[in-house]
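Reading through the structure tokens given below for one structure.
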Amino acid sequence: MEISLSRGEIELLTELRSRGGRARLDDLGLDRSKAAAWANLLREKGLVTIRERRKRYLTLSERGRRHLDEGLPEERLIGLLKERGGRASLEELRPHLTGEEFNVALGEGRRKGLIKLEKSDGETYAILIGENVPERSVLERLSSAPLEESEVDGAVLKNLKRRGLIEVVERTEVEIELTDLGRQAAEGRVKVVEEVGKLTRDLILTGEWRKRKLKAYDVKASPPITYPGKPHPYVHFLEEVREILIGMGFMEVKSPIVEAEFWNFDILFQAQDHPAREVHDSYQVAFPSEGADLSRYSSLVEKVRMTHEHGWETGSRGWGYKWSFDIARRLILRSQTTAASARTLASGLEVPSKIFAIDKVFRPETPDRTHAIEFHQCEGVVLAEDMNVRHLMGFLAEFAKQLGFKEVKFKPAYFPFTEPSVEAYVKHETLGWIEIAGSGLFRPEMLIPMGYDYPKVQALAWGIGIGRLAMIRLGLDDIRELHSQNLEYLRRAKLVW
Amino acid sequence: MPVITVNMREFFRILGEELSEEELSSLLEYTKVNLESYDQEEGEMEFEVTADRMDLVTMEGLVRMIKGLTERELGIPNYPMRRKAFQVRVTERVEKVRPYVVAALVKGVDLTTEESLISLIEAQEKIHDTLGRKRKRVSIGLHDFSKVVPPITYDARPADEVAFVPLGEYAEMTAQEVLEQTEKGREYAHLIENPENLVPLILDSRDEVLSLPPIINSELTRLTPGVRDLFIDVTGTDLRAISYTLEIIVSALGERGGEIHTLEVIYPDMTLETPEPEPSEMFVSEDFIRRMVGISMSSEEIIHQLRRARLDASSDGSVVKVKIPGYRADFLHPVDVAEEVAITYGLNSLGYELPLNVMTVGKRHPREKISSLVRTLMIGLGYQEVLNYIMTSRAFLFSSVGREERPVVEVANPVSENYSVLRDSLIPGLLHFLAANTHAKYPQRVFEVGDVVVVDESYETRARDERRLAAAYADYSVGFEDIYSHLKALTDNSGLELELEPHHERPFLEGRCAKVIVNGKESGLIGEIDPEVLLKLGITVPVALFEIRLPIPEK
């Protein structure tokens, strides 16, 4: 009797023999996916038996990792209560956590008997009565190595799963054991002929390949995993959007991240006391401390001043206040990509022109699932004669169609620098109607100071929070994942096309 | 955008009909208002209104709008009005404390239910928070007129020389005590700080304090359900904003059947009649309206739509005369009239059209062109692209990765220390990324193409964006040559000339670092990272890295 085996199969056979004839796949010290393939081949030849047991392992989710660093909401609540002598009103505690976390902290706190609530004088107070948070130790153990599901207390496990703090990874544990025949082959009592796996230059040149047995590949076996060099899935999506807009005839424009309020607000006819200009809606620059140098634009600046104050020659009555140059030259971080459109329009564009910008904007938001301190906006402007609100909606419908949305509808809206203003909604298969763009025709108070012949020349403009669309396309539910720090996620992420 | 909560029963009572959620939503498609919730169990609805339509923060304003859309009523409502009921005198010394006041009297208002009063007070608070900029610019006082003996004086007096019972208290307090001891006093006292310690006061002819704006009213004129006659004062720093606010409140009371009485407000140097008895007028060419909405509408249609929007309009066949009530502050320019026609007609009824005659050439920005090329090459070299934040902290950029401190753009109002400066290099982001992924399989090759911001006083906005590329290679055994070979592949394949100059800079290892010269210009750094830095970050394999500024051709 003679058995033909590949070099790998022989290696596995030898390895098993040296371990007393039986071993777990993971303990073999061989490449796992290769060894599994060899084992399957050996089983077909009756040399080994394979037993599989499915095991469920726990690992930390991204949120779990974050809570481990920042503290679980209920732990932070305990901390807050301790600082306050163990008792505080909910109203006092609420601002220290986000709305969602606050609710979780209260719910978990009561469930675990850490706090109780008490009403007095129309206010509700939380009172600290315990400090034991069993999730903490599990999260800490998980941060160093995965655990088997059975190693964690059932109630704690359920809680961690419900809160999305852990992920369950199923792994199959494979045990391989030599059969009698296998044992004989391994011990040389049955003759083993080596099959050729990979063809080599040597085998070909020497003609040896004609004499040797070439192993047939098991095409059902998984190949080794390759991680290719690869675009970031979000950047890849942004490139797709860029391609759509270029295809529609739009030219890409840019503006600086550190921007003068003049370009971000004043030229857009946003009054200097507009709430969007206050500290909680745009980032003010502390350093460099010198304001912007707008000397090059003095005649434009003067027209903008007059337009704000009394409407100048725009036919508007203006905002009726004393405009300040010092506010206009203050530095901020670009809070809307409209600044890029404004700079480009003010530089004197030919009519017609179509421009777009895809860039980051900055707002002082507390980061959470739906808010980021910096996010991408996608902005488009069509500057042409005889445009009207129907054309605006036409461009929006076309852009939506290119992005893969078939149905679109429009709703009136208010933006300080467009009139009429329109919000565009698209129909998503599962999410229903979602708002995708704010848009409108730029106001005369903006276009006339720039030298355009309003109303003959009109500018259709829209802005899209493109990150939200990307999240839908990429199947993400936390905006922070667009800047994911997880290499494994990036390696596995599918690219949309 | 303000969200207002409305009691359903009260809302439908004054509207005169009940609307289902679907009926209400589809009417609101013709407005800028969104229906946020319709909760029959709680008997409440929530509406989100836009900042240009503060007249809609009152339940009555919403009702007025809906009556127009359903055509139960058209044009400007005809609230009964009488002129110049009495005078409000403004003294000279109040000017430097809180300069402006306007006021009105409304008689015979239907405020019989608890809900009607609550809704009025909620509208007042919404206006304080938005238009009123937390009472700084605008604050409203509502008074039971039966307790008031006109005429009225708006004066400023020393805080310790005047006393009254503030709303919600039982005992008389001096104004000084009100500022220091009441919750509202502590919250808003800073709005009227002045060196002479004067407080602004609304006083009646008996010298009774009606209110201490913008802080608190007097208990004397407290509103109770069933109140019929209201005296309203609005004070602030911006005459246009307080006049607008008065119009909003008065018209809401008009909608509840009130008879509006204007008052004469006599300043040392001017006399006003408030609220403004006549609507303002705007003349708009019909052709301009048709040009903006994009369909040919008849004169009659234009006028009908404006009347549905609760404006008065008439036309001589080419120019529309539009009358605009004082509570509509959103008409600055004829284009605002055109918008009113478009949205009341219905955006979705207008239909849309893609203009095919706007021929222009699409083009990628030069900065994105080269970015796209280097991304392609880096991916070809086996690198995974990553994306990091531009906003970060000083510690992230410098001490944590062993870089030497240098000036970076800093914001004045960070939400957290973690996001308080702008990155001046992509290197820290890549190192932190590697540190966060020490459990993932090696080799790890990652790159980022992105903007950094460099302080440059000579630039218009004192700081310049630079588009850079950085790439890091981490493996059990990796070194200078490996990353150099990749950089060389990158420059060779994109037609750039590459030279290295010996150099030392942290966090690179001495003797294993160089300046990168691209096309003769200093463009970045390349080298192996100091293991001291790696260990601090928890990285236990060698890391070789480069960063270069991408050459962007002038347009």
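Going down the list, the sequences are from chains L and U. Letter 71 of the first sequence, counting from 1, is numbered 75 in our numbering, and no numbers are missing. Letter 74 of the second sequence, counting from 1, is numbered 127 in our numbering, and no numbers are missing. Note that the Cβ used here is the ideal one computed from N, Cα and C, for glycine as well. Values in this document were obtained by computation on a predicted structure and should not be read as measured data.
Exposed unless 16 or more other CB atoms sit within 10 angstroms - verdict on residue i
i, result
"Leu94(L)", "exposed"
"Gly221(U)", "exposed"
"Arg26(L)", "exposed"
"Ala109(L)", "buried"
"Ile340(L)", "As written in the sequence, residue 340(L) is Gln, which differs from the Ile given in the question. By the neighbour-count rule (16 or more Cβ atoms within 10 Å), Gln340(L) is buried."
"Tyr320(U)", "buried"
"Leu483(U)", "buried"
"Leu409(U)", "exposed"
"Asn572(U)", "exposed"
"Trp437(L)", "exposed"
"Tyr223(U)", "exposed"
"Val173(L)", "exposed"
"Trp501(L)", "exposed"
"Val197(L)", "exposed"
"Ile452(L)", "buried"
"Pro232(L)", "exposed"
"Val56(U)", "exposed"
Span of the beta strand (DSSP E) around residue i
i, result
"Ile336(L)", "Leu335 to Leu337"
"Asn60(U)", "Val56 to Asn60"
"Gly467(L)", "Val461 to Gly469"
"Gly117(L)", "Neither: Gly117(L) is in no beta strand (DSSP E) and is coded neither H nor E."
"Thr281(U)", "This sequence places Arg at residue 281(U); Thr is not what is there. Counting along the chain, Arg281(U) falls outside any beta strand (DSSP E), and DSSP gives it neither H nor E."
"Ile193(U)", "Val191 to Asp197"
"Pro424(L)", "Thr422 to His432"
"Ser488(L)", "No beta strand (DSSP E) holds Ser488(L); DSSP gives it neither H nor E."
"Leu316(U)", "Glu312 to Ile319"
Per-residue DSSP class, three states only, for residue i
i, result
"Gln93(U)", "coil"
"Ala366(U)", "strand"
"Trp213(L)", "helix"
"Asn87(U)", "strand"
"Glu449(L)", "helix"
"Phe341(U)", "helix"
"Pro211(U)", "strand"
"Pro279(L)", "helix"
"Trp501(L)", "coil"
"Ile348(U)", "coil"
"Pro371(L)", "coil"
"Asp157(L)", "coil"
"Ala542(U)", "helix"
"Asn268(L)", "helix"
"Asp286(U)", "strand"
"Met5(L)", "coil"
Residue i - containing alpha helix (DSSP H), residue span
i, result
"Asp330(L)", "Phe329 to Ala332"
"Met397(L)", "Val393 to Gln406"
"Ala346(L)", "Thr342 to Ala350"
"Thr298(U)", "Leu292 to Glu308"
"Ile171(U)", "Glu167 to Asp182"
"Tyr129(L)", "Looking at the DSSP string, Tyr129(L) is not in any alpha helix (DSSP H); the run it does join, the beta strand (DSSP E), is Glu127 to Leu132."
Legend entry - Meets three-Cβ-pair contact criterion under 8 Å: the stretch 281–290 of chain L and the stretch 453–471 of chain U: yes
Inset, instruction - With a floor of 3 residues, list each beta strand (DSSP E) that falls wholly inside the stretch 415–465 of chain U, ordered by position along the chain. - result: none
Inset, instruction - Go through the stretch 18–95 of chain L residue by residue and report every complete run of the alpha helix (DSSP H) that reaches 4 residues or more, in order. - result: 36–48, 66–74 and 77–87
Legend entry - the stretch 434–444 of chain U in contact with the stretch 462–482 of chain L per 3-pair CB rule at 8 Å: no
Legend entry - Three CB pairs or more closer than 8 Å across the stretch 249–269 of chain L and the stretch 329–337 of chain L: yes
Legend entry - Meets three-Cβ-pair contact criterion under 8 Å: the stretch 32–40 of chain L and the stretch 204–224 of chain L: no
Inset, instruction - Scan the stretch 555–604 of chain U and note each continuous alpha helix (DSSP H) run of 4 residues or more that stays entirely inside, going in chain order. - result: With a minimum length of 4 residues, the continuous alpha helix (DSSP H) runs that stay inside the stretch 555–604 of chain U are 584–589.
Inset, instruction - Tell me, please, whether the stretch 237–257 of chain L touches the stretch 294–312 of chain L by the rule of three or more beta-carbon pairs shorter than 8 Å. - result: no
Inset, instruction - May I ask you to verify whether the stretch 244–259 of chain L touches the stretch 409–422 of chain U, counting CB pairs closer than 8 Å and requiring at least 3? - result: yes
Legend entry - contact_flag[the stretch 85–102 of chain U, the stretch 151–162 of chain U] where n(CB pairs < 8 Å) is 3 or more: no
Legend entry - Entirely enclosed alpha helix (DSSP H) segments - the stretch 98–131 of chain U, minimum 4 residues: 112–122
Legend entry - Contact the stretch 230–238 of chain U vs the stretch 338–353 of chain U: 3+ CB pairs below 8 Å: no
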